[in-house]
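S.K.: Residue numbers (the UniProt record's numbering), protein chains in the order written: chain A, 1 to 165; chain B, 1 to 165. Where a beta carbon is used, it is the ideal one built from N, C-alpha and C, also for glycine.
Number of protein chains: 2
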Amino acid sequence: MADHVDLVLEQWGEQRPDLDASPMAVLGRLKRLAQLVDAELRRNFARHDLDSASFDVLATLRRSNAEHSLTPAGLMRSSMVTSGAITQRLDRLEARGLVTRAPSETDGRGVQVTLTDDGLRLIDAVLPTHLETEQSLLAGLSKAEREQLADSLRTLLESLGDKRD
Amino acid sequence: MADHVDLVLEQWGEQRPDLDASPMAVLGRLKRLAQLVDAELRRNFARHDLDSASFDVLATLRRSNAEHSLTPAGLMRSSMVTSGAITQRLDRLEARGLVTRAPSETDGRGVQVTLTDDGLRLIDAVLPTHLETEQSLLAGLSKAEREQLADSLRTLLESLGDKRD
DNA sequence: TGAAAGTTGCTTAGCACTGAGATACTTTGT
DNA sequence: ACAAAGTATCTCAGTGCTAAGCAACTTTCA
Numbered sequence: 001m002a003d004h005v006d007l008v009l010e011q012w013g014e015q016r017p018d019l020d021a022s023p024m025a026v027l028g029r030l031k032r033l034a035q036l037v038d039a040e041l042r043r044n045f046a047r048h049d050l051d052s053a054s055f056d057v058l059a060t061l062r063r064s065n066a067e068h069s070l071t072p073a074g075l076m077r078s079s080m081v082t083s084g085a086i087t088q089r090l091d092r093l094e095a096r097g098l099v100t101r102a103p104s105e106t107d108g109r110g111v112q113v114t115l116t117d118d119g120l121r122l123i124d125a126v127l128p129t130h131l132e133t134e135q136s137l138l139a140g141l142s143k144a145e146r147e148q149l150a151d152s153l154r155t156l157l158e159s160l161g162d163k164r165d
Numbered sequence: 001m002a003d004h005v006d007l008v009l010e011q012w013g014e015q016r017p018d019l020d021a022s023p024m025a026v027l028g029r030l031k032r033l034a035q036l037v038d039a040e041l042r043r044n045f046a047r048h049d050l051d052s053a054s055f056d057v058l059a060t061l062r063r064s065n066a067e068h069s070l071t072p073a074g075l076m077r078s079s080m081v082t083s084g085a086i087t088q089r090l091d092r093l094e095a096r097g098l099v100t101r102a103p104s105e106t107d108g109r110g111v112q113v114t115l116t117d118d119g120l121r122l123i124d125a126v127l128p129t130h131l132e133t134e135q136s137l138l139a140g141l142s143k144a145e146r147e148q149l150a151d152s153l154r155t156l157l158e159s160l161g162d163k164r165d
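1. Between residue 71(A) and chain B, is the shortest Cβ-Cβ distance under 8 Å, so that the two count as touching?
2. When you compare only the Cα positions, how much space is there between residue 142(B) and residue 148(B)?
3. Residue 4(A) touches chain B at which residues, Cβ-Cβ below 8 Å?
4. Looking at the secondary structure, which residues open and close the alpha helix (DSSP H) in which residue 103(A) lies?
5. How do the segment 39-56 of chain A and the segment 145-165 of chain A stand: do at least 3 beta-carbon pairs fall below 8 Å, yes or no?
6. Can you give the Cα-Cα distance for residue 98(B) and residue 119(B), rounded to whole angstroms?
7. Listed from N- to C-terminal order along the chain, which residues in the segment 17-35 of chain A have their beta-carbon within a distance smaller than 8 Å of any beta-carbon of chain B?
8. Who are residue 112(B)'s beta bridge partners in DSSP?
9. Just the Cα atoms here: how many angstroms apart are residue 93(B) and residue 113(B)?
10. Using C-beta distances below 6 Å, list every residue in its chain close to residue 102(A), excluding the 5 sequence neighbours before and after it, in chain order.
11. Note the first and the last residue of the continuous alpha helix (DSSP H) segment covering residue 128(B).
12. Please report whether the beta-carbon of residue 84(A) lies at a distance below 8 Å from any beta-carbon of chain B.
13. If I follow the unbroken alpha helix (DSSP H) through residue 151(B), where does it start and stop?
14. Whose Cβ in chain A lies nearer than 8 Å to the Cβ of residue 140(B)?
15. Could you name the residues of chain A that residue 149(B) contacts, counting a contact when the two beta carbons are closer than 7 Å?
16. Consider the Cβ of residue 112(A): report whether some Cβ of chain B lies at a distance smaller than 8 Å.
17. Just to confirm the assignment, what range does the alpha helix (DSSP H) spanning residue 76(A) have?
18. Which residues share a DSSP beta bridge with residue 69(A)?
19. Closer than 9 Å by beta-carbon distance: list the chain A residues that pair up with residue 15(B), in chain order.
20. Could you give the first and the last residue of the continuous alpha helix (DSSP H) run that contains residue 47(A)?
21. Is there at least one Cβ from chain A nearer than 8 Å to residue 8(B)'s Cβ?
22. Going along chain B, which residues have a C-beta under 7 Å from residue 135(A)?
23. Please report whether the beta-carbon of residue 105(B) lies at a distance below 8 Å from any beta-carbon of chain A.
24. Thinking C-beta only, is residue 57(B) closer than 8 Å to residue 89(B)?
25. Exposed or buried, which one is residue 60(B) when buried takes at least 16 other CB atoms within 10 Å?
26. Using beta carbons (cut-off 8 Å, strictly below), is residue 11(A) in contact with chain B?
27. Within the chosen definition, does the segment 29-42 of chain B reach the segment 20-38 of chain A through at least 3 CB pairs nearer than 8 Å?
28. So for residue 9(B), helix, strand or coil by DSSP?
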């Protein structure tokens, strides 16, 4: 009944008993889990010749609307990376023929990114296995525990200013 | 009462109602939170001329034992990065005079990494502000909510094989 | 209407990580 | 005692990100 973070907290208690290291019980685990989950999801993406960044873009386009189309700024907001990262992700996806970039009709600065047929086929092929992988990662939690956990995480996200956007 | 992940789930419900996207309620939030928290902690580290990777190494050495000493392999286990990453982190810290590398006395292959006086001073200066930052990130949750959240995250970590190690 | 401020997407340099592989040493099993 | 397997650390090429800055365009407001 102990994970790596329990050890870390114990060590802090011995070496720096004057400090209150309790926030690490949440944030240390959060970081560690995110790393483990990422590594597992990456393995699934790799089976389809994808990386996490490409999946992120394709999935965001796929769910956004019936046209599977969005601006780079919209992709940036959704993925929380910088504009430079979005440009490079789109460069790679465009080179593989999975998305297209077209100048916006209304805004001279703007670009419209759209999933190609190949892109749509690929993301629709990966999605079911992706969700199976995610499901299996959560197998250690009951449905009720998952919902409670999701609620706590949402409360925390909202307290940090996360919005629907 | 809605965060970005609520929007994502809604969009999947519209574009792919056949899929069960519910795992994203937990894992999507986990990823998003980890990114937000990382960015905030980074800002604090930067005030002390540190990055997250360096803080990670210095803090691990600080809490490990009274000698503040560990092998690269031990650091690797704790931080979940590859051996190549540890080598490069140590190169940087050694160049700044914050840690030393000495050949192991018992194992010809081994190396012993130890915090220098400067390294100890630095990490002890950063730790209090780090914990304050973490505390403030969790301000949106009550003590009971934090404990419950930490428990759920530990259950999940253990189900994925995380050990005290 | 025109200047200032803001927005959008792209470019580039620098950085830190991964993954594969090399080297040196230790442990295991016969 | 010795070969085979295992372990510890480092090297290096490739990759993807950030941060800063730029150019083109739009919005705001006096």
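M.R.: Looking at the atomic coordinates:
1. No - not a single Cβ of chain B is within 8 Å of the one on residue 71(A).
2. One C-alpha to the other measures close to 10 Å.
3. Chain order gives the chain B residues near residue 4(A) as 78, 157, 162, 163, 164 and 165, where near means a beta carbon separation below 8 Å.
4. From DSSP, residue 103(A) is part of no alpha helix (DSSP H) but of the beta strand (DSSP E) over 99-103.
5. At 8 Å Cβ cutoff, the stretches do not touch.
6. Straight through space, the alpha carbons of residue 119(B) and residue 98(B) are spaced by roughly 4 Å.
7. For the segment 17-35 of chain A, the set of positions with a beta-carbon nearer than 8 Å to some beta-carbon of chain B reads 19, 20, 21, 22, 23, 24, 25, 26, 27, 29, 30, 31, 32, 33, 34 and 35 in chain order.
8. DSSP output for residue 112(B) lists 102(B) as bridge partner(s).
9. One C-alpha to the other measures close to 10 Å.
10. The beta carbon of residue 102(A) sits closer than 6 Å to those of 112, all from its chain and outside the five residues before and after it, given in chain order.
11. It spans 117-137 - the alpha helix (DSSP H) in which residue 128(B) sits, taken as one unbroken run.
12. Interface residue (Cβ-Cβ distance to chain B less than 8 Å): residue 84(A) is not classified as such.
13. Residues 143-159.
14. Scanning chain A for C-beta atoms nearer than 8 Å to the C-beta of residue 140(B) yields 155, 156, 158, 159 and 160, reported in chain order.
15. Here the neighbours are 26 and 152.
16. Taking Cβ atoms only, chain B never reaches closer than 8 Å to residue 112(A), which makes this a no.
17. It spans 72-79 - the alpha helix (DSSP H) in which residue 76(A) sits, taken as one unbroken run.
18. In the DSSP output, where bridge partners are listed per residue, residue 69(A) has 114(A).
19. Chain A residues near residue 15(B): 62, 63, 64, 65, 66 and 68.
20. 23-47 is the extent of the alpha helix (DSSP H) around residue 47(A).
21. Yes - at least one Cβ of chain A is within 8 Å of the one on residue 8(B).
22. Ordered by position in chain B, the residues that pass the 7 Å Cβ test against residue 135(A) are 23.
23. Chain A places no beta carbon closer than 8 Å to that of residue 105(B), leaving this residue out of the contacts.
24. Yes, these two residues count as a Cβ contact at 8 Å.
25. The Cβ neighbour count for residue 60(B), taken over all protein chains shown within 10 Å, is at least 16; the residue is labelled buried.
26. Interface residue (Cβ-Cβ distance to chain B less than 8 Å): residue 11(A) is classified as such.
27. At 8 Å Cβ cutoff, the stretches touch.
28. When DSSP states are grouped into helix, strand and coil, residue 9(B) belongs to the helix group.
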